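Position one of the sequence shown corresponds to residue 24 (my numbering), numbered consecutively onward. Report on the structure given below.
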Amino acid sequence: MLLRILGTAAGGGLPQWNCACPGCAGARRHPSRRRLHDGLAFHGADPGAWFLANATPDVAEQLESHPGLRPGNAQERTPVVRVVLTDAELDHTLGLPRLREAARIDVWCTEPVHKALTARLPLTDILSPYTTLTWHDLPLDGSGPPAEIAGLEVSALPLSDKRPRYAADEPAHPAWSTALKVRDPATGTRALYAPALASWSDPLGDAISGADCVLLDGTFLDEDEPHRTGMSRRTATEMGHLPIQGPEGTAARLQPDGARIHYTHLNNTNPLVDPCDPAHERLAGLGLRVAEDRMVVSL
Ligand code: MLT
Ligand code: MN
Ligand code: ZN
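Structural data, given as structure tokens:
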């Protein structure tokens, strides 16, 4: 299995168009610090068969930046587009309209996410004059066989009932926000992708321990960051993202148990967007690191 990391920034990207905070200003001064919205592409034994995990507002540039994802010489166009969604947030779904030049787009997601993307953001109606959008159920982990997508087994581990703000009045459901569990049946290797972690659970801890590679919510470094930086009056946890540091933070829970853990979905307020910030060294001491755009992980 191969994972291509297409982007590692939270909603807004780095730099964010209307922001001059130290993180955004640093990324304007040092283009190597720029980060696109977080998303991945996965493939198994056949490199020509891949799926996207989330479709970000940057998706077209992200596909162009990975030569393996561009259309081949023999065909004029990429024949099949497959997208698996962790949630219905705008930073993970606005790429679907950008893919409308495809002949068809197959999307796997949980039931509340499907409802949000067809009833609240009427994507099926909007895209039907352009392409054929086909929705598939993304099985919840342990509730039956996983979906087989591009030769890989994929299921969704429910994480929380965090709804996108445009669907905040929808009923609670445990699978609004999920982690993707991906297994390659040919090699038995496993990857886990959890870009929005509102709370910790034992099944999540087990999934992390059992994975060969983990991409985990690294939106905020500490609980007070949104408030301190003037971004929000809410804490990181209240915004649906457990912080990395602190007593309830994810770093303290992650034992360096052989799983390769990379933080992703970094907000532009996160000091980790500066590669010189000392927090990088502290994380490295725990066996943890920050994912980088265009990283490729082979499992
Ligand atoms: C989030 O990760 O909390 C959301 O993507 C925020 C947003 O709507 O930009
Ligand atoms: Mn987000
Ligand atoms: Zn900023």
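The C-beta atom is built at its ideal place from N, Cα and C for all residues, glycine as well. Predicted model only: the values in this text are computed from it and were never measured.
- The Cβ atoms of Thr-154 and Ala-126 sit closer than 8 Å to each other.
- By the C-beta density criterion, Cys-299 is exposed, having fewer than 16 other C-beta atoms within 10 angstroms.
- Per DSSP, Val-177 is not a residue of any alpha helix (DSSP H); the beta strand (DSSP E) it occupies stretches across 175-183.
- In the structure shown, Gly-67 adopts coil according to DSSP, grouped into three states.
- Of the other Cβ atoms in all chains shown, 16 or more fall within 10 Å of the Cβ of Asn-77; this residue is therefore buried.
- Under the three-state reduction of DSSP, Ala-275 is assigned to helix.
- In the three-state DSSP reduction, Tyr-286 falls in the strand class (E or B).
- Rounded to the nearest angstrom, the Cβ distance from Asp-240 to His-303 is 17 Å, too far for a contact under 8 Å.
- Less than 8 Å separates the beta-carbon of Gly-62 from that of Leu-29.
- Relative to ligand 3, the beta carbon of Cys-299 is positioned no closer than 7 Å to any heavy atom.
- Contact between the stretch 101-109 and the stretch 131-145 is present: 3 or more CB-CB pairs across the two stretches fall below 8 Å.
- Here Pro-294 has Leu-244, Asp-300, Ala-302 as same chain residues with Cβ atoms under 7 Å from its own Cβ, once five neighbours each way along the sequence are excluded.
- Rounded to whole angstroms, the separation of the alpha carbons of Ile-149 and Leu-75 is 21 Å.
- Here Ile-149 carries a helix assignment [DSSP, helix/strand/coil].
- Taking non-hydrogen atoms of ligand 3 into account, the C-beta of Gly-49 is found less than 7 Å away from none of them.
- Take Gly-233, set aside five residues on each side of it, and the residues of its chain with a beta-carbon closer than 7 Å to its own are Arg-213, in chain order.
- The straight-line gap separating the alpha-carbon atoms of Asp-69 and Val-82 is approximately 21 Å.
- Set against 7 Å, the gap from the CB of Gly-263 to the closest heavy atom of ligand 1 is smaller.
- Counted as a single uninterrupted DSSP element, the beta strand (DSSP E) harbouring Gly-30 occupies residues 25-30.
- In this structure, the CA atom of Gly-228 is about 12 Å from the CA atom of Ala-274.
- A distance of 8 Å or more separates the beta carbons of Ser-183 and Ala-170.
- Within the same chain, Trp-223, Gly-228 come within 8 Å of Arg-276 by CB-CB distance, once the 5 residues on both sides are set aside.
- In this structure, Gly-241 has its beta carbon at no less than 7 Å from each heavy atom of ligand 2.
- In this structure, Cys-42 has its beta carbon less than 7 Å from a heavy atom of ligand 3.
- In terms of CA proximity to Trp-158, Val-104 leads the group Val-104, Val-313, Leu-92.
- By the Cβ-count criterion, Asp-225 is exposed, with fewer than 16 other Cβ atoms from all chains shown falling within 10 Å of its own Cβ.
- Under the criterion of beta carbons closer than 8 Å, Met-24 and Leu-215 do not qualify as touching, at roughly 12 Å.
- Relative to the Cα of Leu-180, the nearest Cα in the group Arg-312, Pro-187, Ala-219 belongs to Ala-219.
- Judged by beta-carbon spacing, Leu-113 lies within the 8 Å limit of Pro-187, meaning their Cβ atoms are closer than that value.
- Rounded to whole angstroms, Leu-156 and Glu-84 show a C-alpha spacing of 21 Å.
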